[in-house]
Amino acid sequence: MRALLDTHILLWWLGDDVALPEAARTVIADPATAVLVSAASVWEIAIKQATGRVQAPDDLLDTLHDNDFATLAITAAHALAAGGLPAHHSDPFDRMLIAQAQAERLTLISVDQRFSPDDVDLLAL
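The sequence shown maps to residues 43 to 167 in my numbering.
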């Protein structure tokens, strides 16, 4: 499986948070799973970390590398696809994750009820 982590899932994994569903923990820990983290999630974390709304490692990129997580850059094609998503997806970070998961044929791992299997291959928890 090639999995794209929603930002909350990533933060819960990095913090070893009990909020991380066991199904997600199992998939992420599986050596057969290629785990990707979007540049959009890194950006979202940086913004929220700067305002004190989330806690994340100061060396986030090194931490991603240490966890064998690949980063997924945002391309112009991803941006166009995100812009074309239905209006019910108002969060720009969520829109980007959906667009990237669609374009790259990734399974999005999330607990967010706003994501729909109609939008993307979803491991909803």
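All C-beta atoms, glycine included, are put in the ideal place defined by N, C-alpha and C.
Here the structure is a predicted model, which means the values were calculated and not measured.
Next item on the list: Give the single residue among 43, 88, 97, 146 whose Cα lies nearest to the Cα of residue 55.
Entry: Comparing Cα positions, the closest option is 97.
Notebook entry, point to check: From the DSSP output, which residues share a beta bridge with residue 139?
Noted result: Residue 139 is not bridged to any residue.
Item checked: Alpha-carbon to alpha-carbon, residue 67 and residue 99 -> If you take the alpha carbons of residue 99 and residue 67, they lie about 19 Å apart.
Notebook entry, point to check: Are residue 156 and residue 131 close, meaning C-beta to C-beta below 8 Å?
Noted result: Between residue 156 and residue 131, the gap from beta carbon to beta carbon is short of 8 Å.
Check: When we look at the beta-carbon of residue 86 and count the other beta-carbons within 10 Å, is it buried (16 or more) or exposed?
Finding: That one is buried.
Item checked: the segment 126-141 in contact with the segment 101-111 per 3-pair CB rule at 8 Å -> With the cut-off at 8 Å, the segment 126-141 and the segment 101-111 do not touch.
Check: To the nearest angstrom, how far is it from the Cα of residue 84 to the Cα of residue 59?
Finding: Approximately 18 Å, taken between the alpha carbons.
Check: What residue from 95, 79, 73, 92 has the CA that sits closest to residue 152's CA?
Finding: Per the C-alpha coordinates, the member of 95, 79, 73, 92 positioned closest to residue 152 is 79.
Check: Out of curiosity, what's the CA-to-CA distance linking residue 65 and residue 144?
Finding: Rounded to whole angstroms, the gap between the alpha carbons of residue 65 and residue 144 is 22 Å.
Next item on the list: Give the straight-line distance between the Cα atoms of residue 102 and residue 128, rounded to the nearest whole angstrom.
Entry: Distance between the alpha carbons of residue 102 and residue 128: 31 Å.
Notebook entry, point to check: Unbroken beta strand (DSSP E) runs of length 3 or more, entirely within the segment 60-139: which are they?
Noted result: If one requires a minimum length of 3 residues, the beta strand (DSSP E) runs lying completely within the segment 60-139 are 76-80, 112-114, in chain order.
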